[in-house]
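By the count of my numbering, the sequence shown reaches residue 43 at its end, each step adding exactly one.
Beta carbons are placed, not taken as given, at the ideal position from N, Cα and C, and that holds for glycine.
Model, not experiment: these values are computed from the prediction.
Input: a single structure, listed below in structure tokens.
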Amino acid sequence: MGILSAIPQAERFFINILKRNDSTAIKNRIDEKHR
């Protein structure tokens, strides 16, 4: 966790949003395949 603590709070927040968007996009892609 040493690397994470070196990242500023705003940057970490931005990364979390990107991760959330990526996982949503992946879920949507999986849903489309199952239709």
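Which of helix, strand or coil DSSP assigns to residue i
i: R20; result: helix
i: R28; result: helix
i: R37; result: helix
Own chain residues within Cβ distance below 7 Å of residue i, not counting five before or after
i: R37; result: none
Other residues of its chain near residue i: CB distance less than 6 Å, five sequence neighbours each side excluded
i: A33; result: none
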